[in-house]
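Here is the structure we will look at.
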Amino acid sequence: MTSSVLNWLSLTVEEFARWGWQQRIGWPDPLSSSAVGQFELPLEEILGETPSPVTQRSRGEERLLESVADVLWRPAYSAFAIRGEAGRGETYSVAVVGAEEAILLVVTADQVRISRVEPTAIAESLVAQLPKVLAAPTIRMEVAAQTASLLAGGFERNAPQRTLRSAMSSAGIPDVVANRLLAPESAVLATGTLAAMSYETDPPRLGTRSASWTEMADGGMVSSLGRGGEVIWEPMSPAVMIRVVADTMASLGSR
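For the sequence shown, my numbering assigns the number 301 to the initial residue and increments by one for each residue that follows.
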């Protein structure tokens with residue numbers, strides 16, 4: 301996997317949230333759900349009763365933040381990965397593209413890392429922010445949209461595991477895949493979502509293709525949507541994730 305070299309600026313969530321408030325930035329989804337979007341400044345500061353802290357920054361840092369403001373004031377589209385570990389908070393890796401530049405933000409519970417990114421390198425740069433995970437010892441498997449919908453309905457109704465396993469067997473899903481889909485929640489170490497969003501409509505529009513993944517002790521497996529609505533399960537790898545991110549962005553259609 302290759303990606304462009306990124307030069308990062310690191311701020312605390314409070315610093316970045318305060319900067320965003322000073323710039324009158326409305327955090328676009330999914331940033332609005334991140335630690336930055338949920339951070340609340342003291343009411344006294346918002347009302348102007350107490351002054352906001354003044355932070356001295358280098359000219360290079362100021363130029364980067366100017367670029368961030370330009371992009372977030374008028375975002376065109378984004379691609380993002382949201383990963384959550386069991387018992388811990390979520391990490392948001394969000395690439396946002398504006399009229400002239402693109403930025404990459406990685407938001408944890410207490411820190412924000414910021415960099416410019418080449419629009420042509422978004423998929424590679426986004427995937428590079430995810431922890432390295434072994435590929436699950438499974439196979440690539442594809443099922444039709446109707447079959448996937450029926451199985452999803454069974455999971456939503458909490459159908460007995462024996463019923464679900466029988467349905468998967470009838471659909472031609474091998475045990476090596478079924479075992480992971482039926483694994484108990486306690487076996488899942490982390491989960492994630494990959495998607496893309498266009499801001500050229502109100503409300504913003506998600507791409508028609510997205511993906512999710514699960515990480516277990518023996519590795520990760522990705523579940524993604526194909527062009528025809530089919531569901532694809534396959535072992536998680538950087539190459540697979542890069543392809544999936546590219547597919548989610550392409551599904552936004554004309555930009």
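For each residue, glycine too, the CB sits at the ideal point set by N, CA and C. Just so it is clear, the structure is predicted and the values come from calculations on it, not from any experiment.
Residue i vs residue j beta-carbon contact at 8 Å
| i | j | result |
| --- | --- | --- |
| Leu-464 | Gly-507 | no |
| Ile-422 | Ile-414 | no |
| Met-536 | Met-521 | yes |
| Leu-341 | Arg-318 | yes |
| Pro-538 | Val-427 | yes |
| Glu-401 | Arg-416 | yes |
| Ala-496 | Ala-379 | yes |
| Ala-335 | Val-371 | no |
| Ala-490 | Val-544 | no |
| Thr-548 | Arg-509 | yes |
| Ile-382 | Gly-492 | yes |
| Met-468 | Ala-487 | no |
| Val-438 | Val-476 | In the sequence as presented, Val is not what sits at residue 438; that position holds Thr. Contact flag set, yes. |
| Val-406 | Gln-429 | yes |
| Tyr-377 | Val-394 | no |
| Glu-385 | Thr-355 | no |
| Glu-530 | Ala-445 | yes |
| Pro-328 | Pro-504 | yes |
| Tyr-499 | Pro-419 | no |
| Leu-434 | Gly-519 | yes |
| Ser-449 | Leu-306 | no |
| Ala-409 | Gly-387 | no |
| Glu-361 | Leu-309 | yes |
| Val-412 | Leu-311 | yes |
Extent of the continuous beta strand (DSSP E) run through residue i
| i | result |
| --- | --- |
| Gln-338 | First-last for Gln-338: 335-338, but that is the alpha helix (DSSP H), not the beta strand (DSSP E). |
Where the alpha helix (DSSP H) containing residue i begins and where it ends
| i | result |
| --- | --- |
| Trp-373 | 359-373 |
| Ile-346 | 343-346 |
| Ala-250 | What is shown of the chain runs 301 to 555, which leaves residue 250 out entirely. |
| Leu-482 | No alpha helix (DSSP H) contains Leu-482, which DSSP labels as neither H nor E. |
Beta bridge counterpart(s) of residue i as assigned by DSSP
| i | result |
| --- | --- |
| Glu-530 | Partner(s): none; Glu-530 has no beta bridge. |
| Met-521 | Thr-514 and Pro-535 |
| Ser-378 | Val-396 and Met-497 |
| Leu-506 | Met-497 |
Coil, strand or helix - residue i by DSSP
| i | result |
| --- | --- |
| Ala-496 | strand |
| Thr-355 | coil |
| Ser-310 | strand |
| Leu-331 | helix |
| Ala-490 | strand |
| Ala-579 | A query on residue 579 cannot be resolved here, the shown segment of the chain reaching from 301 to 555 and no further. |
| Ala-459 | coil |
| Ala-471 | coil |
| Gln-323 | coil |
| Gly-453 | helix |
| Thr-302 | Because the pLDDT at Thr-302 is just 47, under 50, the model does not fix this residue reliably, and the point stays unresolved. |
Cβ-heavy atom distance, residue i to the ligand ATP, below 7 Å
| i | result |
| --- | --- |
| Ala-317 | For the structure depicted, the ligand ATP is absent and the ligand set is empty, with no information on it obtainable. |
### Every unbroken alpha helix (DSSP H) inside the region 380-451 [4 residues or more]
For the region 380-451, whole alpha helix (DSSP H) runs of length 4 or above, ordered along the chain, are 422-428.
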